[in-house]
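**Q**
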Amino acid sequence: MGEKNKKLLEVRRIRAGYGVQDVLFGVSVSVDEGEVVSIFGPNGAGKSTLLKTIAGVVRIKSGEILFKGIRIDKLSPQSIVKNGLGWVPQENNIFPRMTVRENLEMGGFTLKDDLEERMEEVFSIFPQLREKLNQPAGSLSGGQRQMLAVGRGLMVRPELLLLDEPTAGLAPNLVHMMLEKVGEITRQFRSSVLLVTQTLDALRFSRRGYLLASGEIKYEDTTDSLLNNEEVKKLYFGGITVS
Amino acid sequence: MLDLLISGIVYGGIITLGAIGLTLMSDILGFFNFAYGEYFALGAYGTLMLTGVFNSSSTFKGLTFGWSMVASVFISAIITIAIILLIDFIFFRPLRKRGVTPLFMALASLGVSFVIRAAINIIWGPKVRYYSNAIQLSREMPFGIHITNEEIVILVSTFSLVILVYLFLKNTRIGKSMRAVSNNELLAKVCGINTEVVIVWTWILSGVLAAIAGTFYGIRVQLRPIMGWEFLIPLFVAVIMGGIGNFWGAMVSGMIIGISEELITGLVQNLLNSMNITADVSVYKPAVAFILVVLILLLKPYGLFGRKEA
Numbered sequence: 001m002g003e004k005n006k007k008l009l010e011v012r013r014i015r016a017g018y019g020v021q022d023v024l025f026g027v028s029v030s031v032d033e034g035e036v037v038s039i040f041g042p043n044g045a046g047k048s049t050l051l052k053t054i055a056g057v058v059r060i061k062s063g064e065i066l067f068k069g070i071r072i073d074k075l076s077p078q079s080i081v082k083n084g085l086g087w088v089p090q091e092n093n094i095f096p097r098m099t100v101r102e103n104l105e106m107g108g109f110t111l112k113d114d115l116e117e118r119m120e121e122v123f124s125i126f127p128q129l130r131e132k133l134n135q136p137a138g139s140l141s142g143g144q145r146q147m148l149a150v151g152r153g154l155m156v157r158p159e160l161l162l163l164d165e166p167t168a169g170l171a172p173n174l175v176h177m178m179l180e181k182v183g184e185i186t187r188q189f190r191s192s193v194l195l196v197t198q199t200l201d202a203l204r205f206s207r208r209g210y211l212l213a214s215g216e217i218k219y220e221d222t223t224d225s226l227l228n229n230e231e232v233k234k235l236y237f238g239g240i241t242v243s
Numbered sequence: 244m245l246d247l248l249i250s251g252i253v254y255g256g257i258i259t260l261g262a263i264g265l266t267l268m269s270d271i272l273g274f275f276n277f278a279y280g281e282y283f284a285l286g287a288y289g290t291l292m293l294t295g296v297f298n299s300s301s302t303f304k305g306l307t308f309g310w311s312m313v314a315s316v317f318i319s320a321i322i323t324i325a326i327i328l329l330i331d332f333i334f335f336r337p338l339r340k341r342g343v344t345p346l347f348m349a350l351a352s353l354g355v356s357f358v359i360r361a362a363i364n365i366i367w368g369p370k371v372r373y374y375s376n377a378i379q380l381s382r383e384m385p386f387g388i389h390i391t392n393e394e395i396v397i398l399v400s401t402f403s404l405v406i407l408v409y410l411f412l413k414n415t416r417i418g419k420s421m422r423a424v425s426n427n428e429l430l431a432k433v434c435g436i437n438t439e440v441v442i443v444w445t446w447i448l449s450g451v452l453a454a455i456a457g458t459f460y461g462i463r464v465q466l467r468p469i470m471g472w473e474f475l476i477p478l479f480v481a482v483i484m485g486g487i488g489n490f491w492g493a494m495v496s497g498m499i500i501g502i503s504e505e506l507i508t509g510l511v512q513n514l515l516n517s518m519n520i521t522a523d524v525s526v527y528k529p530a531v532a533f534i535l536v537v538l539i540l541l542l543k544p545y546g547l548f549g550r551k552e553a
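Chains as they are written, first to last, in this note's numbering: chain A, 1 to 243; chain B, 244 to 553.
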């Protein structure tokens, strides 16, 4: 990992929100190449807004966002995805009235060709999707929808994948499977992952983590240190002892 | 009875063409465009103007129109699209950029519809117009069905167009991106789809359908400046009944409305005639559409084919 300190994403002191309502107050976050980083915190902390802001859906009011050293905070979401950044929202993350195949095609909308090859790559991670290829996405189960949402995000082989609570609402066995898949993605696609989570399992899975509360980063550390931080455990994980 | 059914299918086909355009527009642009009926009237009057320009008396065998009509429809569709895009550029696009709510967009479209209708009145006058003064002769078909050659042309053209539009939406890159935006606009954006390009294509497609449907209506009935406003009622009912954004829903609902309007008013008219009661029931056709939509929405609030998405 000689290049492990090469910064892929740098979010610098951003302030962002909806209309006059600010949600993020001077948030700074970074992701290195090949890294899985978690953002965790209570509901309403601004975690999803942070991902939306990086994806270009919510505009910053101050600060800057650099991706591969280039400022992207003024770019449209379309341009950001072309730069190699994929976003998988927590909700409304599929095209329900389109088939699984069409959803994947839309994920690869910016590609000139290679659609079939990219789909095969997605199927190598989520083989279940191949069997549902011509089925409307809206008819899939919760777990399958999540797989499709992540698969759609992978179609452009993103250098950085923003995953917003990919395990939310999934059965416990599927949570573990989904996290395993995130691991496969980083290995197979050599993608970095910025993961928003509220679960310990997902946090354990990443190398570093940020605790976001009330729109501010309260703690930033390696996962091991965060999981053994008594205050973090007490405040955000109900005092659970971490093994 | 069968004649009424055929008449209803022909009328339903015309409603279907308009309803598909309107349902796509409502779903992708996110508001009910009250000016859509006027686009329909513009297409019809555009064809009238161009047939006058071509001034050709030659007709297809057994029909009241010829190649000049075909060319006129084609050019009229292009002119209608150009006007629609100009209106979008002047009115709707700036409002979209300012994030105006769907309600105010709909109100703005109401203003646009008044302007277009007034312009049609000024240019062509309030008089009823016809593409041809020749009488459309009906032919006897099996089971005692009567249908005119014009109606056959309208039916075949309508269903061919519906299939073409379906294939366009299903198989082309732009068609798929239109469906993606109609499904989930935000997700479409982060997939790299340019939603402004999709909106332009939506105007183009719905403009073509409006112009052709308007012309078919003109061939079958007549041209009046109010025709767009009147036609808007069954169109809205078809869109609501079919579920906003639902292609097949718009088609089936268009057919249901067309057939119901013709059958119910026709049967009531026959009944009144047999009782020697003088009344023109045909003016109550829109009431049939309204009763239908109320009944269906009471039973299925998201329309016949629409559903609440999880």
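By construction, the Cβ of each residue, glycine as well, lies at the ideal position given by its N, Cα and C atoms.
All figures in this text were calculated on a predicted structure; none of them were measured in a lab.
So that I know if they touch, is there some Cβ in chain B lying closer than 9 Å to that of N134 of chain A?
**A** no
**Q** Under DSSP, the alpha helix (DSSP H) around A213 of chain A begins and ends at which residues?
**A** Counting along the chain, A213 of chain A falls outside any alpha helix (DSSP H), though it belongs to the beta strand (DSSP E) covering R208 to A213.
**Q** With DSSP as the reference, please indicate the residues paired to F67 of chain A in a beta bridge.
**A** A:L9 and A:I70
**Q** May I have a chain-ordered list of the alpha helix (DSSP H) segments no shorter than 4 residues that lie completely inside the segment 122 to 176 of chain A?
**A** You should have 128 to 131 and 142 to 154.
**Q** Buried or exposed for P166 of chain A, please, with buried defined as at least 16 other CB atoms from any protein chain shown within 10 angstroms of its CB.
**A** buried
**Q** Helix, strand or coil for I556 of chain B, going by three-state DSSP, please let me know.
**A** Residue 556 of chain B is absent from the structure shown; chain B starts at 244 and stops at 553.
**Q** Helix, strand or coil: how does DSSP classify L448 of chain B here?
**A** DSSP places L448 of chain B in helix when its eight states are reduced to three.
**Q** How many angstroms separate the CA atom of S301 of chain B from the CA atom of A320 of chain B?
**A** 22 Å
**Q** What residue from A:T199, A:E230 and A:L163 has the CA that sits closest to H176 of chain A's CA?
**A** A:T199
**Q** The alpha helix (DSSP H) that contains S30 of chain A, what's its start and end?
**A** Not the alpha helix (DSSP H): S30 of chain A falls in the beta strand (DSSP E), residues Q21 to D32.
**Q** Secondary structure at A16 of chain A, three-state DSSP: helix, strand or coil?
**A** In the three-state DSSP reduction, A16 of chain A falls in the strand class (E or B).
**Q** How about K82 of chain A: is its C-beta nearer than 9 Å to some C-beta of chain B?
**A** yes
**Q** If we require 3 or more residues per run, which beta strand (DSSP E) segments fall completely within the segment 353 to 434 of chain B?
**A** 381 to 384 and 388 to 391
**Q** Return the CA-CA distance between I65 of chain A and V100 of chain A, expressed in angstroms with no decimal places.
**A** Approximately 33 Å, taken between the alpha carbons.
**Q** Apart from the five residues on each side of it in sequence, which residues of its chain come closer than 8 Å, Cβ to Cβ, to S22 of chain A?
**A** Residue 22 of chain A is actually Asp in this sequence, not Ser. Cβ neighbours of D22 of chain A beyond the five flanking positions: R15, A16, K61 and G215.
**Q** Buried or exposed for N516 of chain B, please, with buried defined as at least 16 other CB atoms from any protein chain shown within 10 angstroms of its CB.
**A** Counting other Cβ atoms within 10 Å of its Cβ, N516 of chain B stays below 16 and is therefore classed as exposed.
**Q** Hey, out of B:L540, B:S525, B:T323 and B:L291, whose CA is closest to E473 of chain B's CA?
**A** B:S525
**Q** Y460 of chain B by DSSP, collapsed to three states: which one?
**A** Note: Y460 of chain B maps to helix in three-state DSSP.
**Q** So, at 6 Å on beta carbons, what are the nonlocal neighbours of P529 of chain B in its own chain, with the 5 sequence-adjacent residues on each side left out?
**A** I476
**Q** Please confirm if G239 of chain A has its CB atom under 9 Å from at least one CB of chain B.
**A** Caution applies to G239 of chain A, whose pLDDT of 49 falls short of 50 and renders its modelled position unreliable; the model cannot decide the point.
**Q** Closer than 8 Å by C-beta to K4 of chain A: which residues in its own chain qualify, once you throw out the five before and the five after it? Chain order, please.
**A** For K4 of chain A, the predicted model reports a pLDDT of 49, less than 50, meaning its position is unreliable; a value from the coordinates is still stated below. Closer than 8 Å at the Cβ level, and outside the excluded window around K4 of chain A, lie D32, E33, G34 and E35.
**Q** CB G497 of chain B to CB A481 of chain B, shorter than 9 Å?
**A** yes
**Q** Going along the segment 158 to 185 of chain A in order, which residues come within less than 9 Å of chain B, judged by CB to CB distance?
**A** none
**Q** Does G86 of chain A have its Cβ less than 9 Å from a Cβ in chain B?
**A** yes
**Q** Is the segment 81 to 96 of chain A close to the segment 127 to 135 of chain A, with three or more CB pairs under 8 Å?
**A** no
**Q** Within the chosen definition, does the segment 39 to 57 of chain A reach the segment 386 to 399 of chain B through at least 3 CB pairs nearer than 8 Å?
**A** Cβ pair count under 8 Å is below three, so no.
**Q** Counting only beta-carbon separations shorter than 9 Å, does S30 of chain A have a partner in chain B?
**A** Chain B, which has no Cβ nearer than 9 Å to the Cβ of S30 of chain A, makes this no.
**Q** What span of residues does the alpha helix (DSSP H) with D221 of chain A cover, start to end?
**A** Not the alpha helix (DSSP H): D221 of chain A falls in the beta strand (DSSP E), residues E216 to T222.
**Q** Report yes if the CB atom of I469 of chain B is closer than 9 Å to the CB atom of R372 of chain B, and no otherwise.
**A** no
**Q** Taking only beta carbons into account, state which residues of the segment 423 to 454 of chain B come closer than 9 Å to chain A, listed in chain order.
**A** A423, S425, N426, N427, L429, L430, A431, K432, V433, C434, G435, I436, N437 and T438
**Q** So, with DSSP's three-state summary, where would you put G251 of chain B?
**A** helix
**Q** So for L328 of chain B, helix, strand or coil by DSSP?
**A** helix
**Q** Could you tell me whether any Cβ in chain A is nearer than 9 Å to the Cβ of K610 of chain B?
**A** With chain B covering only 244 through 553, there is no way to say anything about residue 610 of chain B.
**Q** K234 of chain A to S420 of chain B, Cα distance in whole Å?
**A** 47 Å
**Q** Considering S48 of chain A, what are the terminal residues of the alpha helix (DSSP H) in which it resides?
**A** In the DSSP annotation of this structure, the continuous segment of the alpha helix (DSSP H) that includes S48 of chain A starts and ends at K47 to I54.
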